[in-house]
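What follows is a set of notes on a single structure, which appears directly below.
In my numbering, the protein residues as written are 6 to 499.
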């Protein structure tokens, strides 16, 4: 192994990395330690590619014991570490910091146990989300949380960010499907939390899910799996205005129907998807489309689908398409799942936000987002989980043009503030990470933030686990409640 290239990296000038790297090699093996400059480039950002920072060292453990050994080395040498799974996160949660070790769980890809009687599976954190359903579908089960990136995102990352998906309206987000965890704490200790429902005492599993790598690393995860529904139907309705589609969302919920999924796309997104995926099932002239899926017993599904169709037509739906077979349903969902990727054809870069608003505020907030786009001079596509008000506005820009990234950051901040003012929040499923930490004071009082920090400091006593993420600091945010973030510590802009 050659250390020279890595040791010339600016982040390594603060310490002598060679003995630390040798410790990693001794514990994990030569082929599980990465320190060459050109190899480290692969790990310098997550899905939020606008910000990049090369780690000093990357380690690739395969077992809980190897994770613990790596963390102990970091603890012993007072080296900060960041955990990374598949790297698909969109808030900079897995963004390395200067002079840090990146612990990558991508090699931990085993499904360790499947227990159909108790409807649970045990997996390592590098297992891809969709692999869980593939592993149990033959027995009539599935794993409910389904982010749009489910074919590539890992369970460990889903745990860290508490990911959702198109079916979270009825079945909940990741935390609702995690029964227990084996954890490596920031000092290297191995502990187990949860494992059985209704345990007395503190909900430590709930504390860990969504903690964004600041409380340790999950190395074995016990997930709840569900019986596949007997029947399902997906309805696609197109509307001439967003208000009619938004009212349909509220009316469906008011009618006592909880769809498995309810998604909305605007005209911009519709055309982007059709350009790239060429489904020929999304009407290009529609102002908005609404995708609604109902599942359950055949009788319930038939009744619910009929009622949903009536509501959408009463609200002015021009056309309603109903898919009853798995193949046709997947075709309707394919466009929604490909929406983010489709933006790459329209623009070299996009900046996505993840605010949440009350359903009744959808028309107002979408109109305000459109106005903000015109004010700043940027096109904004809207794709979102309409049922729970989780918006994903995608601001299209060109990072090669000086100043555009700073402007879209400001625009993104305005959208988050708009969501909070409407009674919502700054994140639904992408997490806070490095991207939105400066907007935490928009939602929480200083006392709230202090309380959260007490929990973090009780477990992450040395502050080594994913530092600078999640919470605002004077160094990183300045006037956090007023001014959008302009610079991420020493992180390089791309």
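Cβ coordinates follow ideal geometry from the N, Cα and C atoms, glycine included.
Excluding sequence positions up to five before and after residue 448, its CB lies within less than 7 Å of the CB of 425, 430, 431, all in the same chain and listed in chain order. Per the Cβ contact rule, the region 266-285 is in contact with the region 379-389 (3 or more Cβ pairs under 8 Å). Pairwise C-beta distances place the region 160-178 in contact with the region 96-113, as three or more of them are shorter than 8 Å.
A Cβ-Cβ separation of about 7 Å places residue 38 in contact with residue 62 under the 8 Å criterion.
Beta-bridge annotation (DSSP): residue 300 is paired with 237.
When DSSP reads this structure, residue 199 sits in a beta bridge with 185. The continuous alpha helix (DSSP H) containing residue 176 extends over residues 173-176. For residue 451, the enclosing alpha helix (DSSP H) covers residues 451-464. By DSSP's assignment, residue 395 forms a beta bridge with 361, 390.
In the DSSP assignment, residue 89 is bridged to 109. Annotation: residue 249 to residue 184 spans about 40 Å, alpha carbon to alpha carbon. When DSSP states are grouped into helix, strand and coil, residue 293 belongs to the strand group. Annotation: residue 437 is outside any beta strand (DSSP E) and is labelled neither H nor E by DSSP. If you draw a straight line from the Cα of residue 172 to the Cα of residue 257, it comes to about 16 Å.
The residue from 468, 434, 418 with its alpha-carbon nearest to that of residue 446 is 418. Between residue 151 and residue 177, the C-beta spacing is not below 8 Å. In the DSSP annotation of this structure, the continuous segment of the beta strand (DSSP E) that includes residue 328 starts and ends at 324-328. Within the model, the alpha-carbon separation for residue 28 versus residue 229 is close to 38 Å. When C-beta atoms of the region 237-246 are compared with those of the region 287-298, three or more pairs fall below 8 Å, so the two segments count as touching. Judged by their CB atoms, residue 438 and residue 474 are nearer to each other than the 8 Å cut-off.
Per DSSP, residue 47 lies in no beta strand (DSSP E) and is assigned neither H nor E.
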